[in-house]
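Participant: Structure below; questions to follow.
Number of protein chains: 2
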Amino acid sequence: MDHKERVPDAVARRLPGYYRNLRELETEDVLRVSSQVLGKRMGLTASQIRQDINCFGGFGQQGYGYHVPTLKRYIGQILGVDGKHQMVIVGAGNIGSAVINYPSFRKEGFRVQALFDISPERIGQIVQEVPVLPVDELEAYLRAHSIDIIVIATPADKAQEIVDLAAAENVRAIWNFAPVDLSVPATMEIANVHLSDSLMGLSFRLHEREVAQEKGKQWIKE
Amino acid sequence: MDHKERVPDAVARRLPGYYRNLRELETEDVLRVSSQVLGKRMGLTASQIRQDINCFGGFGQQGYGYHVPTLKRYIGQILGVDGKHQMVIVGAGNIGSAVINYPSFRKEGFRVQALFDISPERIGQIVQEVPVLPVDELEAYLRAHSIDIIVIATPADKAQEIVDLAAAENVRAIWNFAPVDLSVPATMEIANVHLSDSLMGLSFRLHEREVAQEKGKQWIKE
Chain C
1 MDHKERVPDA
11 VARRLPGYYR
21 NLRELETEDV
31 LRVSSQVLGK
41 RMGLTASQIR
51 QDINCFGGFG
61 QQGYGYHVPT
71 LKRYIGQILG
81 VDGKHQMVIV
91 GAGNIGSAVI
101 NYPSFRKEGF
111 RVQALFDISP
121 ERIGQIVQEV
131 PVLPVDELEA
141 YLRAHSIDII
151 VIATPADKAQ
161 EIVDLAAAEN
171 VRAIWNFAPV
181 DLSVPATMEI
191 ANVHLSDSLM
201 GLSFRLHERE
211 VAQEKGKQWI
221 KE
Chain D
223 MDHKERVPDA
233 VARRLPGYYR
243 NLRELETEDV
253 LRVSSQVLGK
263 RMGLTASQIR
273 QDINCFGGFG
283 QQGYGYHVPT
293 LKRYIGQILG
303 VDGKHQMVIV
313 GAGNIGSAVI
323 NYPSFRKEGF
333 RVQALFDISP
343 ERIGQIVQEV
353 PVLPVDELEA
363 YLRAHSIDII
373 VIATPADKAQ
383 EIVDLAAAEN
393 VRAIWNFAPV
403 DLSVPATMEI
413 ANVHLSDSLM
423 GLSFRLHERE
433 VAQEKGKQWI
443 KE
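Protein sequence lines correspond, in order, to chains C and D.
Numbering of the first sequence is given in our numbering, commencing with residue 1 and proceeding in unit increments.
Numbering of the second sequence is given in our numbering, commencing with residue 223 and proceeding in unit increments.
Spelled out as structure tokens, the structure:
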């Protein structure tokens with residue numbers, strides 16, 4: 001089966017959700033899933049599911065649904081999760097610890113090779129069999145090891161210098177948790193997890209509801 | 223100044239980023255910012271910035287830029303961050319701890335009133351002046367206190383029951399970190415932080431680059 005040239009962005013954004021749900025179905029020993037059932041799990045319509053999956057070739061047979069292991073393996077290949085990704089985490093605080101303790105990453109080929117931190121109490125600790133090294137040694141470490149992804153879990157004001165250092169050492173990707181928009185060279189990919197943006201997005205929608213409920217009331221004046 | 227009826231979704235998604243950048247500019251004592259400078263910080267074009275800000279009324283004066291405190295206050299109002307949001311966190315592990323230790327939430331009116339956990343070692347601890355309570359007591363707690371947002375930082379298989387319990391007690395919003403798609407009633411808002419989806423999205427883009435580099439090579443066969 002041929003993978004079409006490029007998966008549309010909207011579909012690409014949904015792929016991790018497909019993968020996650022198919023993985024869950026697999027652990028539930030479900031062998032086939034209909035577009036209705038998959039849609040219900042993912043909050044999409046059955047027709048949306050069929051359209052998405054048609055984008056990469058068409059897997060279902062009318063009335064039979066999708067073969068869970070095949071579709072999961074295929075989407076995993078598109079996502080590149082069947083490869084091995086070497087990672088280091090900079091910042092061994094709560095976020096860094098959450099990432100290294102995340103149950104499914106290792107299974108999906110994401111391997112944390114080292115943690116880096118600035119705090120003398122954390123340096124020298126071993127977290128999930130991974131050592132916490134002094135952040136001063138990051139540059140030398142990146143020079144000596146082939147690292148694909150750097151996880152930035154530092155305060156906002158330290159993040160850009162880590163990116164610059166990583167770029168100089170040919171790291172390919174940044175996974176950023178610091179609450180700041182970073183500039184990366186065209187040679188690098190970046191994904192951000194901005195906790196405060198997510199929370200504010202939620203508060204925005206709560207506020208929109210309040211405004212709708214008080215419709216007619218002028219709620220902002222200047 | 224009148225707030226237009228509804229902020230378009232694409233603009234709404236960028237609002238937290240605006241707020242965050244304006245907050246940073248404020249701490250840097252910048253009083254006015256041009257659409258060029260703001261765009262550069264946010265990875266948007268100047269024209270995009272002007273269009274977005276025009277959506278909610280038009281603030282800049284040609285050649286003078288935007289008045290940082292006014293625009294920040296206004297966007298903060300739209301985001302509802304000037305209100306007070308009472309929160310509880312279910313799950314006092316790394317994610318729960320990361321949320322409660324996040325520096326800016328408290329300043330923006332998000333108050334964590336209690337943590338809940340199942341682990342006897344965690345129950346009874348005090349984190350950032352907030353007690354860790356047994357999760358058995360969550361229902362009674364929600365009945366006795368007015369809570370706006372529940373942060374779900376539990377394993378995936380415990381998350382839906384927390385939502386159901388919260389819905390029954392009229393909680394208005396769920397901030398979900400569990401790696402699962404939850405169903406919420408129409409009376410509730412939900413925002414998800416799916417770490418594994420974010421990491422897989424990054425791996426997808428790395429993989430796309432590899433594929434582009436090896437163009438012509440058939441990389442998936444069945």
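For every residue, glycine included, the Cβ atom is placed at its ideal position computed from N, Cα and C.
Since the model is a prediction, treat every value here as computed from it, not as a measurement.
(1) If you drop the 5 nearest sequence neighbours on each side, which residues of the same chain put their C-beta closer than 6 Å to that of residue 234 of chain D?
(2) Could you spell out the range, first to last residue, of the alpha helix (DSSP H) harbouring residue 174 of chain C?
(3) Could you have a look at residue 338 of chain D and say whether DSSP puts it in helix, strand or coil?
(4) So, is residue 170 of chain C buried or exposed, given that buried needs 16 or more other C-beta atoms within 10 angstroms?
(5) Span of the alpha helix (DSSP H) holding residue 133 of chain C?
(6) Hey, could you find the ends of the beta strand (DSSP E) residue 412 of chain D is sitting in?
(7) For the segment 69 to 82 of chain C, list every residue whose C-beta sits within 7 Å of some C-beta in chain A, in sequence order.
(8) Along the chain, where does the alpha helix (DSSP H) containing residue 48 of chain C start, and where does it finish?
(9) Take the Cβ of residue 253 of chain D as the centre, count every other Cβ of all protein chains shown within 10 Å, and call the residue buried at 16 or more, exposed below.
(10) Cβ of residue 313 of chain D less than 8 Å from any chain C Cβ?
(11) Just to make sure I have the definition right: I need the residues of chain D whose C-beta is within less than 7 Å of the C-beta of residue 203 of chain C. Which are they?
(12) Excluding the five sequence neighbours on either side, which residues of its own chain have a C-beta within less than 8 Å of the C-beta of residue 239 of chain D, listed in chain order?
(13) I'd like the list of long-range same chain contacts for residue 353 of chain D, defined as Cβ closer than 8 Å, with 5 residues on each side in sequence excluded.
(14) State the Cα-Cα distance for the pair residue 50 of chain C and residue 26 of chain C, rounded to the nearest angstrom.
(15) Alpha carbon to alpha carbon, what distance is there between residue 204 of chain C and residue 300 of chain D?
(16) Can you tell me where the beta strand (DSSP E) with residue 160 of chain C in it begins and where it stops?
(17) Using 8 Å as the Cβ pair cut-off and three pairs as the minimum, do the segment 161 to 178 of chain C and the segment 298 to 315 of chain D touch?
(18) Rounded to the nearest angstrom, what separates residue 158 of chain C and residue 185 of chain C at their Cα positions?
(19) Give me the residue from C/75, C/199, C/90 with the minimum Cα distance to residue 56 of chain C.
(20) Where does residue 66 of chain C sit, in a helix, a strand or coil, going by DSSP?
(21) For the candidate residues D/363, D/421, D/386, whose alpha-carbon lies nearest to that of residue 106 of chain C?
(22) Quick one: which chain D residues come within Cβ less than 9 Å of residue 206 of chain C?
(23) Mind checking who residue 200 of chain C pairs with in its DSSP beta bridge?
(24) As a quick exercise: from D/320, D/232, D/256, pick the residue whose alpha carbon is nearest that of residue 243 of chain D.
(25) Is residue 147 of chain C helix, strand or coil by DSSP?
(26) What does the alpha-carbon distance come out to for the pair residue 246 of chain D and residue 313 of chain D?
(27) I need the straight-line Cα distance from residue 306 of chain D to residue 382 of chain D, nearest angstrom please.
(28) Where does residue 125 of chain C sit, in a helix, a strand or coil, going by DSSP?
(29) How would you list, in chain order, the residues of chain C whose beta-carbon sits under 8 Å from the beta-carbon of residue 418 of chain D?
(30) For residue 1 of chain C, count the other beta carbons within 10 Å of its own beta carbon; 16 or more makes it buried, fewer makes it exposed. Which is it?
(31) Buried or exposed, going by whether 16 or more other CB atoms sit within 10 Å of the CB of residue 6 of chain C?
(32) Could you tell me whether the Cβ of residue 403 of chain D comes closer than 8 Å to any Cβ of chain C?
(33) Distance, Cα to Cα, residue 322 of chain D vs residue 334 of chain D?
(34) Suppose you measure from the CA of residue 127 of chain C to the CA of residue 401 of chain D; what does that come to, to the nearest Å?
(35) Could you tell me the alpha carbon to alpha carbon distance between residue 405 of chain D and residue 144 of chain C, rounded to whole angstroms?
(36) Spell out whether any CB of chain C is found under 8 Å from the CB atom of residue 442 of chain D.
Facilitator: According to the structure data:
(1) Same-chain partners within the cutoff: there are none.
(2) Note, residue 174 of chain C: premise wrong, no alpha helix (DSSP H); beta strand (DSSP E) at 173 to 176.
(3) DSSP places residue 338 of chain D in strand when its eight states are reduced to three.
(4) Around the beta carbon of residue 170 of chain C, fewer than 16 other beta carbons lie within 10 angstroms, which makes this residue exposed.
(5) Where residue 133 of chain C is concerned, there is no enclosing alpha helix (DSSP H), although the beta strand (DSSP E) it sits in stretches over 130 to 134.
(6) For residue 412 of chain D, the enclosing beta strand (DSSP E) stretches over residues 411 to 414.
(7) Absence of chain A from the displayed structure is noted, the protein chains being C and D.
(8) The continuous alpha helix (DSSP H) containing residue 48 of chain C extends over residues 46 to 55.
(9) Label assigned to residue 253 of chain D: exposed.
(10) No, residue 313 of chain D does not count as interfacial toward chain C.
(11) Scanning chain D for C-beta atoms nearer than 7 Å to the C-beta of residue 203 of chain C yields 301, 302, 303, 307, reported in chain order.
(12) So the qualifying residues of the chain are 264.
(13) The answer, listed in chain order, is 336, 337, 346, 347.
(14) Computed Cα separation, rounded: 19 Å.
(15) Rounded to whole angstroms, the separation of the alpha carbons of residue 204 of chain C and residue 300 of chain D is 6 Å.
(16) Counting along the chain, residue 160 of chain C sits inside no beta strand (DSSP E); it lies in the alpha helix (DSSP H) bounded by residues 156 to 168.
(17) No, the segment 161 to 178 of chain C does not touch the segment 298 to 315 of chain D.
(18) Going from the Cα of residue 158 of chain C to the Cα of residue 185 of chain C covers about 17 Å.
(19) For the set C/75, C/199, C/90, the Cα lying nearest the Cα of residue 56 of chain C is the one of C/75.
(20) Residue 66 of chain C falls in the strand class under three-state DSSP.
(21) With respect to the C-alpha of residue 106 of chain C, the residue from D/363, D/421, D/386 having the closest C-alpha is D/421.
(22) The answer, in chain order, is 302, 305, 307, 370, 371, 394, 395, 411.
(23) Note: residue 200 of chain C sits in no beta bridge, so no partner.
(24) Ranking the options by Cα distance to residue 243 of chain D, first place goes to D/256.
(25) The answer is coil: DSSP assigns residue 147 of chain C none of H, G, I, E or B.
(26) CA-CA distance, residue 246 of chain D to residue 313 of chain D, rounds to 30 Å.
(27) In this model, residue 306 of chain D and residue 382 of chain D are separated by some 26 Å (Cα to Cα).
(28) Three-state result, residue 125 of chain C: coil.
(29) What residue 418 of chain D touches in chain C: 16, 20, 102, 104, 105, 108.
(30) For residue 1 of chain C, the predicted structure reports a pLDDT of 38, less than 50, and the residue's modelled location is therefore unreliable. The matter cannot be settled from this model.
(31) Residue 6 of chain C comes out exposed.
(32) When Cβ-Cβ separations below 8 Å define contact, residue 403 of chain D makes contact with chain C.
(33) In this model, residue 322 of chain D and residue 334 of chain D are separated by some 7 Å (Cα to Cα).
(34) About 22 Å.
(35) It is roughly 47 Å from the alpha-carbon of residue 405 of chain D to the alpha-carbon of residue 144 of chain C.
(36) Legend: pLDDT at residue 442 of chain D = 46, less than 50; position of this residue unreliable, value from coordinates given subsequently. Between residue 442 of chain D and chain C, the shortest Cβ-Cβ separation is below 8 Å.
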